[in-house]
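Enquirer:
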């Protein structure tokens, strides 16, 4: 069971009567506009198909199609194919990918390709190589941010989705933070929490008033079992919010409720934790993290039936935001805990419904139908 930093006969679930996700690819225009529309709908298979003939454009120095193609393959978890596509482009520092500007020679390589070149080794199990590549990319971003002028690119996917680039130091500063965030997540996945804290502390030096970042530090402290340090960190968040305004925003209120909920959960106060997550859901019933955590609190409070109903209802009512792999995995696990013949049928129906509604990058193998 996974709490996120985000016994009865199982019912067949409310899946039969739910609408399927509407994703039409027939009326999508050709060209870049069509690719961007498909990406916004989560149709990554169609994006990969539409951009697979990127070689000719790449030979002319236009890497926009190649960026979308490689990014789509990565979203589909086809990491080896993505690396093969990336390698087919050759040296990304080649003169053919450079152009003249008033500031001198600049690269036409979309940043997402540089980011994928660093991240794919991690995704393929080559941790040391990927970590070194990310650190080199971080230095590259720092050098660009320090330059007087740092032009960006255009029309290629940036970060986790499509978007237009802008120029300037602010762009390269955001990219630095994105690379550091990737390093933090990598070290957390590898349970290298000391390194994760080190990189997160580096981000906090840049943004010391960022309550979200400070909360992430508390989540790591909870993960390593230091609830005392986490409680102190979450209190810093409360103080930061109080300093910023007389009246906290709704997002700030939810952040503090989530922090306290996680702390209470670790302290085994499951009812107290549940109250915090339910307070979030009262304002935002489509919050996937709060929904998942509320259901887990119900389970640990020996109320599996309520936990199941929590996830089923929320997933059926708010699939656009709740349909996440962690939620599907936990719901599948709760069906297993029900120890009934009906649980197999419930998971089968859940899987069929999710496959017709989920975006292409959701891994539905997390629903354990066997």
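Numbering (this note's numbering), first residue to last: 2 to 371.
Glycine included, each C-beta is placed from N, C-alpha and C at the ideal position.
To the nearest whole angstrom, what separates the beta carbons of residue 359 and residue 331, a pair I think is in contact under 8 Å?
Expert: Taking the chain shown and counting its residues from 1, one reaches residue 359 at position 358. Taking the chain shown and counting its residues from 1, one reaches residue 331 at position 330. Not a contact, Cβ separation roughly 16 Å.
Enquirer: Secondary structure at residue 102, three-state DSSP: helix, strand or coil?
Expert: Taking the chain shown and counting its residues from 1, the one referred to as residue 102 is at position 101. Correct three-state label for residue 102: strand.
Enquirer: Nearest to residue 355 by CA position, among 343, 320, 339 and 346, is which residue?
Expert: The residue given as residue 355 occupies position 354 in the chain shown. The option with the nearest alpha carbon to residue 355 is 320.
Enquirer: Could you give the distance in angstroms between the alpha-carbon of residue 132 and the alpha-carbon of residue 187?
Expert: Position 131 of the chain shown holds residue 132. Position 186 of the chain shown holds residue 187. C-alpha separation (whole angstroms): 8 Å.
Enquirer: Would you mind reading off the limits of the alpha helix (DSSP H) that contains residue 1?
Expert: Residue coverage of the chain in this structure runs from 2 to 371, which leaves residue 1 outside it and unanswerable.
Enquirer: Considering only C-alpha positions, which residue in the set 362, 264 and 114 is nearest to residue 274?
Expert: In the chain shown, the residue the question calls residue 274 occupies position 273. The residue with the shortest Cα to Cα distance from residue 274 is 264.
Enquirer: To the nearest angstrom, report how far apart residue 164 and residue 339 are at their CA atoms.
Expert: Walking along the chain shown from the start, residue 164 turns up at place 163. Walking along the chain shown from the start, residue 339 turns up at place 338. Reliability fails at residue 164, whose pLDDT of 40 lies under 50, so the model's placement of it is uncertain and the value that follows must be treated cautiously. The straight-line gap from Cα to Cα measures roughly 44 Å.
Enquirer: What does DSSP give as the partner residues of residue 108 in its beta bridges?
Expert: For the purposes of this step, residue 108 is taken as the residue at position 107 of the chain shown. According to DSSP, residue 108 bridges with 99.
Enquirer: Pull up the distance between the alpha-carbon of residue 240 and that of residue 277, whole angstroms please.
Expert: Here residue 240 refers to the residue found at position 239 when the chain shown is read from its first residue. Here residue 277 refers to the residue found at position 276 when the chain shown is read from its first residue. Distance between the alpha carbons of residue 240 and residue 277 is about 19 Å.
Enquirer: With a threshold of 6 Å on Cβ separation, who are the neighbours of residue 228 within its own chain once the five nearest residues in sequence on each side are excluded?
Expert: Here residue 228 refers to the residue found at position 227 of the chain shown. Excluding positions up to five away in sequence, the list reads 267.
Enquirer: Between 270, 179 and 139, which lies nearest to residue 298 when the distance is taken from Cα to Cα?
Expert: What you label residue 298 is simply residue 297 of the chain shown in a count that begins at 1. The candidate whose alpha carbon is nearest that of residue 298 is 270.
Enquirer: With a cut-off of 8 Å, do at least 3 Cβ pairs link the stretch 198-211 to the stretch 134-149?
Expert: Segments in contact, no.
Enquirer: Rounded to whole angstroms, what is the Cα-Cα separation between residue 303 and residue 335?
Expert: In the chain shown, residue 303 corresponds to position 302, counting from 1. In the chain shown, residue 335 corresponds to position 334, counting from 1. Roughly 12 Å separates the two Cα atoms.
Enquirer: Please state whether the Cβ-Cβ distance between residue 204 and residue 225 is less than 9 Å.
Expert: Within the chain shown, the letter at position 203 stands for residue 204. Within the chain shown, the letter at position 224 stands for residue 225. Contact: no.
Enquirer: Any idea if residue 308 is buried or exposed, counting beta-carbon neighbours within 10 angstroms, 16 or more meaning buried?
Expert: In the chain shown, residue 308 corresponds to position 307, counting from 1. Buried is the call here.
Enquirer: Assign residue 82 to one of three DSSP states: helix, strand, or coil.
Expert: Translated into positions along the chain shown, residue 82 becomes position 81. Three-state DSSP puts residue 82 in a helix.
Enquirer: Contact between the stretch 81-97 and the stretch 121-131 is defined here as three or more beta-carbon pairs at a separation below 8 Å; is this criterion met?
Expert: Yes, the stretch 81-97 touches the stretch 121-131.
Enquirer: In whole angstroms, what separates the C-alpha of residue 235 from that of residue 50?
Expert: For the purposes of this step, residue 235 is identified with residue 234 of the chain shown, where counting begins at 1. For the purposes of this step, residue 50 is identified with residue 49 of the chain shown, where counting begins at 1. In a straight line, the C-alpha of residue 235 is about 46 Å away from that of residue 50.
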